[in-house]
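> Positions in the sequence shown are counted from 1; adding 548 to them yields our numbering.
Cβ atoms here follow ideal geometry from the backbone N, Cα and C, with glycine treated the same way.
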Amino acid sequence: MADNERFPVMVLAHNEEVVIGACLDSIFAANPGMGFDVYVMANGCTDGTEDVVRAYASRRPDVHLVSIALGDKCNAWNVFIHETVPQQCPGREIYFFMDGDARSGPGALANLAKALRKDAHAHAASAPPGSGRNKEKDARDLVNERALVANLYALRGPFVERLRAERVRLPLKLEGDDGLLGALIKWDLQPGKSKWDDTRIHPCPDAWFEFDRVPMTSVAEWKKYWRRLIRYGRRRYEFKLLGKRLPKLGIAGLPENIQDIYGEADNLSMEWAGVYTLTHALALREMRNVNRRRSDAGRDAGGSKPA
549 MADNERFPVM VLAHNEEVVI GACLDSIFAA NPGMGFDVYV MANGCTDGTE DVVRAYASRR
609 PDVHLVSIAL GDKCNAWNVF IHETVPQQCP GREIYFFMDG DARSGPGALA NLAKALRKDA
669 HAHAASAPPG SGRNKEKDAR DLVNERALVA NLYALRGPFV ERLRAERVRL PLKLEGDDGL
729 LGALIKWDLQ PGKSKWDDTR IHPCPDAWFE FDRVPMTSVA EWKKYWRRLI RYGRRRYEFK
789 LLGKRLPKLG IAGLPENIQD IYGEADNLSM EWAGVYTLTH ALALREMRNV NRRRSDAGRD
849 AGGSKPA
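Shown next, in the form of structure tokens:
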């Protein structure tokens, strides 16, 4: 890698004041010899995340705070692709993407870059988890399925330019932004036209990330875990809705807000999902209830004309 080459890193952060410093430290410490421009997309933060990043940036001018009022991961990703990249870091060879609660393993970003340089066919390189209760299985699944995990991945620069040119925006409130992006990569941004190609994503077992396990020692943590399982169920059904739309409509089938297509959830049927069947059922019910509330609100907003 050229000595003067700098790589943009997008870090998504929502209320990560406790861990964002360790995330930033890992980018620089675990990847010596690489130059970075790090953009922390602080979205909807109500804690001290932005203060921590400002203090960090005062010591390292290659760290930049991007403050976004809306607390939405997909919106923050859209802002980076369509606003930050063209204004701050256009035309770079490779772009890295991280979650603010993740940390780079030794040489992870360098190994992702090497993978893309060796594999000219791939649009993306993905890193497996190096921590977690099921890290071995998760790592095997990532390699076997050539999946993309939001915690840490890289996109080739020309592909990022295509995302901008074709105005690809992830739907707001979508659960599973990495799953949708991975599908678009494998479709070469042409769902319904281009053949699905798993080799567009290059898995990198030597480019792992880590994160702190949450101790399940309190009622509050178990409640969060329960809600997480319901979100996973929602992700499953949102993907089913998108899986029906995109091959027919292409990129134009992406809604601005994923809830805009919840009306189609009435056509989905429950499926057996083992121990997750209950949480998936609750997720589908929530989606249908959201659609009914939105429909009612729309009718109320329309009002009725006075006699």
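1) Could you pull the start and end residues of the beta strand (DSSP E) that histidine 612 belongs to?
2) Going by DSSP in three states, asparagine 659 sits in which element: helix, strand or coil?
3) Between aspartate 551 and glycine 581, what straight-line distance do the alpha-carbon atoms span, to the nearest angstrom?
4) Relative to the C-alpha of phenylalanine 707, which candidate in Asn699, Gly730, Gly811 has its C-alpha closest?
5) Kindly indicate which three-state DSSP category methionine 835 falls into: helix, strand or coil?
6) According to DSSP, is aspartate 745 helix, strand or coil?
7) Do you know offhand how far leucine 690's Cα is from aspartate 610's?
8) Would a check of beta-carbon distances place glycine 801 closer than 9 Å to chain C?
9) Which value, in whole angstroms, describes the spacing of the CA atoms of lysine 685 and serine 674?
10) Three-state secondary structure (DSSP) at asparagine 626?
11) Between methionine 589 and alanine 617, is the Cβ-Cβ spacing less than 9 Å?
12) Measure from the alpha carbon of arginine 840 to the alpha carbon of each residue in Ala829, Ile809, Thr825, Glu819, then state which is nearest.
13) Comparing C-alpha positions only, which one of Asp814, Lys683, Pro676, Lys621 sits nearest to histidine 750?
14) Using only alpha-carbon positions, find the residue among Glu819, His828, Ala813 that is nearest to valine 838.
15) Measuring CA to CA, which of Asp745, Ile799, Asp573 is closest to glutamine 738?
16) Would you say asparagine 579 and alanine 670 are within 9 Å of each other, going by their C-beta atoms?
17) Quick check: what's the CA-CA separation for asparagine 563 versus cysteine 593?
18) Please classify histidine 750: does DSSP put it in a helix, a strand, or coil?
19) Would you tell me roughly how many angstroms separate the C-alpha atoms of phenylalanine 757 and glycine 846, rounded to the nearest one?
20) Which of helix, strand or coil does DSSP assign to alanine 673?
21) How should leucine 797 be labelled, buried or exposed, when 16 other C-beta atoms within 10 angstroms of its C-beta is the threshold for buried?
22) Is it buried or exposed, aspartate 647, if we count other Cβ atoms within 10 angstroms and call 16 or more buried?
23) Which partner residues does alanine 590 have in the DSSP bridge list?
24) Can you tell me the Cα-Cα spacing of cysteine 637 and valine 614, whole angstroms?
25) Grab the span of the alpha helix (DSSP H) containing phenylalanine 787 for me, first residue to last.
26) Could you check the C-alpha separation between glutamate 786 and alanine 768 for me, to the nearest Å?
27) With the cut-off set at 9 Å, would you say phenylalanine 645 and leucine 560 are in Cβ contact?
28) Helix, strand or coil for phenylalanine 707 per DSSP?
29) Using the three-state DSSP reduction, which class does proline 634 fall into: helix, strand or coil?
30) Which value, in whole angstroms, describes the spacing of the CA atoms of leucine 816 and leucine 832?
In short, the structure shows the following:
1) As a working note, residue 612 is residue 64 in the sequence shown. The continuous beta strand (DSSP E) containing histidine 612 extends over residues 611 to 616.
2) By one-based count along the sequence shown, residue 659 stands at place 111. DSSP places asparagine 659 in helix when its eight states are reduced to three.
3) Your numbering for residue 551 matches position 3 in the sequence shown. Your numbering for residue 581 matches position 33 in the sequence shown. In this prediction, aspartate 551 scores a pLDDT of 45, lower than 50, which makes its location untrustworthy; the coordinate-derived value is nonetheless stated afterwards. Cα-Cα distance, rounded: 8 Å.
4) Taking the first residue of the sequence shown as 1, we reach residue 707 at position 159. Ranked by how close their Cα comes to the Cα of phenylalanine 707, the residues Asn699, Gly730, Gly811 have Gly730 in first place.
5) As a working note, residue 835 is residue 287 in the sequence shown. It is helical.
6) In the sequence shown, the residue the question calls residue 745 occupies position 197. In this structure, aspartate 745 counts as coil in the three-state DSSP scheme.
7) Position 142 of the sequence shown, counting from 1, holds the residue named residue 690. Position 62 of the sequence shown, counting from 1, holds the residue named residue 610. Note on geometry: alpha-carbon atoms of leucine 690 and aspartate 610 lie some 31 Å from one another.
8) Considering every chain present, this structure includes no chain C. It has just one protein chain.
9) Looking up residue 685 in the sequence shown gives position 137. Looking up residue 674 in the sequence shown gives position 126. Rounded to the nearest angstrom, the two C-alpha atoms are 16 Å apart.
10) Residue numbering aside, residue 626 sits at position 78 when the sequence shown is read from its first letter. Helix.
11) Taking the sequence shown and counting its residues from 1, one reaches residue 589 at position 41. Taking the sequence shown and counting its residues from 1, one reaches residue 617 at position 69. No, Cβ-Cβ distance for methionine 589 and alanine 617 is not below 9 Å.
12) Reading the sequence shown from its first residue, position 292 is the one you call residue 840. Comparing C-alpha distances from arginine 840 to each of Ala829, Ile809, Thr825, Glu819 shows the shortest one belongs to Ile809.
13) Locating residue 750 in the sequence shown gives position 202, where the first residue counts as 1. Relative to the Cα of histidine 750, the nearest Cα in the group Asp814, Lys683, Pro676, Lys621 belongs to Pro676.
14) As a first step, residue 838 must be located in the sequence shown, where it is residue number 290. Closest option to valine 838, Cα to Cα, is Ala813.
15) Position 190 of the sequence shown, counting from 1, holds the residue named residue 738. For the set Asp745, Ile799, Asp573, the Cα lying nearest the Cα of glutamine 738 is the one of Ile799.
16) As a working mapping, residue 579 is identified with position 31 in the sequence shown. As a working mapping, residue 670 is identified with position 122 in the sequence shown. At least 9 Å separates the beta-carbon of asparagine 579 from that of alanine 670.
17) Counted from its first residue, the sequence shown places residue 563 at position 15. Counted from its first residue, the sequence shown places residue 593 at position 45. So the two alpha carbons sit approximately 5 Å from each other.
18) Within the sequence shown, residue 750 is the residue found at index 202, counting from 1. For histidine 750, the three-state secondary structure derived from DSSP is strand.
19) Taking the sequence shown and counting its residues from 1, the one referred to as residue 757 is at position 209. Taking the sequence shown and counting its residues from 1, the one referred to as residue 846 is at position 298. Taken atom to atom, the span from the alpha-carbon of phenylalanine 757 to that of glycine 846 is near 44 Å.
20) Locating residue 673 in the sequence shown gives position 125, counting from the first residue. The three-state secondary structure of alanine 673, taken from DSSP, is strand.
21) Taking the sequence shown and counting its residues from 1, one reaches residue 797 at position 249. Exposed, by the Cβ-count rule.
22) Within the sequence shown, residue 647 is the residue found at index 99, counting from 1. The residue is buried, with at least 16 neighbouring Cβ atoms inside 10 Å.
23) Start at 1 with the first residue of the sequence shown, and residue 590 comes out as number 42. Ala561, Ser615, per the DSSP bridge assignment.
24) Walking along the sequence shown from the start, residue 637 turns up at place 89. Walking along the sequence shown from the start, residue 614 turns up at place 66. Going by C-alpha positions, cysteine 637 is about 13 Å away from valine 614.
25) Here residue 787 corresponds to residue number 239 of the sequence shown, with the count starting at 1. Annotation: the continuous alpha helix (DSSP H) that includes phenylalanine 787 extends over 767 to 797.
26) Position 238 of the sequence shown holds residue 786. Position 220 of the sequence shown holds residue 768. If you draw a straight line from the Cα of glutamate 786 to the Cα of alanine 768, it is about 27 Å long.
27) Counting from one through the sequence shown, the residue named residue 645 turns up at place 97. Counting from one through the sequence shown, the residue named residue 560 turns up at place 12. Between phenylalanine 645 and leucine 560, the C-beta gap is smaller than 9 Å, which places the two residues in contact.
28) As a working note, residue 707 is residue 159 in the sequence shown. Helix, per DSSP.
29) As a working note, residue 634 is residue 86 in the sequence shown. Proline 634: helix per DSSP, three-state reduction.
30) In the sequence shown, residue 816 corresponds to position 268, counting from 1. In the sequence shown, residue 832 corresponds to position 284, counting from 1. Taking the CA atoms as reference points, leucine 816 sits about 8 Å from leucine 832.
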